[in-house]
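*Asks:*
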Ligand code: NOJ
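Numbering (our numbering), first residue to last: 1 to 510.
Next up, the structure:
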């Protein structure tokens, strides 16, 4: 064979091999999860704090132990296994009820400044009411708080993370304004019991995400299907219960305990392909603004655009009153500015456009909002079908909050990435790195962000997805007896961020 022919054949072979390889790289791998630019300093401020987050039902297990009462998630997973992808429950899960020491080891290893966890209402008040105090449940959280503090880790406590006591569900749950009294008494007990040591409180986690699926779409407990009505009542009750608790704390506890209280809201950020800023604003009002505007705006009432649209739609439907009732004047002062910070759960973003005609069931939030969403082909997807990596969205969102709510303090209470639970979780590192850069950019642009919390400390029960999607910095083999927490690569990466307060490109050993 001539030398020329050999050369041509070799080149052809190289070309073919490269083409095959490129073909095999899955579409998702070609997509990027990175923030391209850096604005200003590469150091987080020296007082910036890093933490990790979990929630009671997702990690505790011990569902019927030591006097704990059932929550709606116990009833739901027991009665409707078909609603959970792998038919699993949180009955045992990572078993933090018995294995908190393993969580503590992970927290210590990461060197986090704080740990955000939630209290199971029905573990300390099995019937939701203060007449049913359960000392063993109270002791469990005392143990957690004390051990955290002994190790220099600050407790950040969520009072409610989806797991409503079943006993309140029997009275209509969040559609009954009576809930406000029960929740206020529960919160009072928490302040009396733990308030000497807990200085950051979050009343509710993600109201939109338990109200719409729980009372509107019916795919979360208590499986209500009254969209556009009961889900709106649920949001209303949540807002009012939060405000009552805030006022109670300021009047009776603040002087001595000196803590702060906020609510955690989830939102995406929105982009417009046609640079239509009014549609972005509409999408923001219908998501974050729904409860953030009453809390941080100047009226103590819902966003005007929601009040107007829903009043109009309700009239067209022949109703006697609006499905989204304006907040009564005497309640507005209680609600307005009833939060010391905004807790923000940010995961992903979307492009938005006006939906004309309105889409969705009539009535419903989707119908009222008249919005439709799109993805960008460049966005990388996580295991969860809704989760695309869009770090620019977090930077944009933090700036939007700064400009719309007077630069109130923002605590990022959740941000994270889902996969299959592998230890070499390079995609999680990319996601984390990109989102931390977005936070740092926002800080450099004057946004008042004081803390970042990664979701989650450990792999756990991902609601309707059961154990099929993993968000942990630590792997947990749910079916093993010991349920060891094993550090993933991302845990080592996060630790190096926390130690150095800068965002390293990579960490040796990964
Ligand atoms: C937000 C919720 O607060 C949390 O419970 C959930 O696991 C994560 N999102 C991931 O979906």
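Cβ coordinates follow ideal geometry from the N, Cα and C atoms, glycine included.
Nothing here was measured: the structure is a model prediction, and the numbers come from that model.
Are the beta-carbon atoms belonging to residue 218 and residue 225 less than 8 Å from one another?
*Replies:* Cβ distance < 8 Å, so residue 218 and residue 225 count as in contact.
*Asks:* Considering only residues of the same chain and omitting the five flanking positions on each side of residue 229, which have a CB-CB separation below 6 Å?
*Replies:* 323
*Asks:* State the beta-bridge partners of residue 156 as determined by DSSP.
*Replies:* 116, 200
*Asks:* Do residue 188 and residue 258 count as a contact pair if the criterion is CB distance below 8 Å?
*Replies:* No, Cβ-Cβ distance for residue 258 and residue 188 is not below 8 Å.
*Asks:* For residue 58, count the other beta carbons within 10 Å of its own beta carbon; 16 or more makes it buried, fewer makes it exposed. Which is it?
*Replies:* buried
*Asks:* Any heavy atom of the ligand NOJ inside 7 Å of the beta-carbon of residue 304?
*Replies:* No; taking the cut-off as 7 Å, the Cβ of residue 304 has no heavy atom of the ligand NOJ nearer than that.
*Asks:* For residue 161 versus residue 243, is the C-beta spacing smaller than 8 Å?
*Replies:* Contact: no.
*Asks:* Whole angstroms is fine: what's the gap from residue 373's alpha carbon to residue 281's?
*Replies:* Approximately 14 Å between the Cα atoms of the pair.
*Asks:* Let me check you understand the geometry: is the CB of residue 455 closer than 7 Å to at least one non-hydrogen atom of the ligand NOJ?
*Replies:* yes
*Asks:* Is there at least one non-hydrogen atom of the ligand NOJ closer than 7 Å to the beta-carbon of residue 471?
*Replies:* yes
*Asks:* Under three-state DSSP, which class holds residue 428?
*Replies:* helix
*Asks:* Can residue 206 be considered in contact with the ligand ZN, in the sense that its beta carbon sits closer than 7 Å to one or more heavy atoms?
*Replies:* With respect to the ligand ZN, the structure offers nothing, as its ligand set consists of the ligand NOJ.
*Asks:* Quick check on residue 461: does DSSP put it in helix, strand or coil?
*Replies:* coil
*Asks:* So does the stretch 348 to 365 actually touch the stretch 275 to 291, counting three or more Cβ pairs closer than 8 Å?
*Replies:* yes
*Asks:* Let me check understanding here. Comparing Cα to Cα, which of 278, 227, 346, 489 lies closest to residue 395?
*Replies:* 346
*Asks:* Could you tell me which residues DSSP pairs with residue 52 in its beta bridges?
*Replies:* Paired residues: 115, 454.
*Asks:* Check whether the Cβ of residue 499 lies closer than 7 Å to any heavy atom of the ligand NOJ, and answer yes or no.
*Replies:* no
*Asks:* Which residue or residues does DSSP assign as beta-bridge partners of residue 260?
*Replies:* Bridge partners of residue 260: 200.
*Asks:* Strictly by DSSP, which residues pair up with residue 353?
*Replies:* 372
*Asks:* I think residue 471 touches residue 456, with their Cβ atoms under 8 Å apart; what is that distance to the nearest whole Å?
*Replies:* 5 Å
*Asks:* Indicate the three-state DSSP secondary structure (helix, strand or coil) for residue 215 in the structure shown.
*Replies:* helix
*Asks:* Given residue 146, which residues of its chain have a CB within under 8 Å of its CB, disregarding the five upstream and five downstream residues?
*Replies:* The answer, listed in chain order, is 197.
*Asks:* Following the continuous alpha helix (DSSP H) through residue 191, name the residue where it begins and the one where it ends.
*Replies:* 179 to 194
*Asks:* Consult DSSP for residue 104 and reduce its assignment to one of helix, strand or coil.
*Replies:* helix
*Asks:* Just tell me which of 406, 240, 119, 48 has its CA closest to the CA of residue 443.
*Replies:* 48
*Asks:* Please report the residue range of the beta strand (DSSP E) in which residue 485 lies.
*Replies:* Start and end: 485 to 487.
*Asks:* If we ignore side chains and look at the alpha-carbon of each, how far apart do residue 270 and residue 310 end up?
*Replies:* 22 Å
*Asks:* Please check the pair residue 338 and residue 301, which I expect to be a contact at CB under 8 Å, by giving their CB distance rounded to whole angstroms.
*Replies:* The C-beta distance from residue 338 to residue 301 rounds to 13 Å, too long to fall under 8 Å, and the pair is not in contact.
*Asks:* With H, G and I counted as helix, E and B as strand and the rest as coil, what does DSSP make of residue 43?
*Replies:* It is a strand residue.
*Asks:* Compare the C-alpha of residue 480 against each of 93, 176, 405 and name the closest.
*Replies:* 93
*Asks:* How big is the Cα-Cα spacing for residue 203 and residue 466?
*Replies:* 25 Å
*Asks:* Quick check: is any heavy atom of the ligand NOJ less than 7 Å from the C-beta of residue 287?
*Replies:* Distance from the C-beta of residue 287 to the nearest heavy atom of the ligand NOJ is not below 7 Å.
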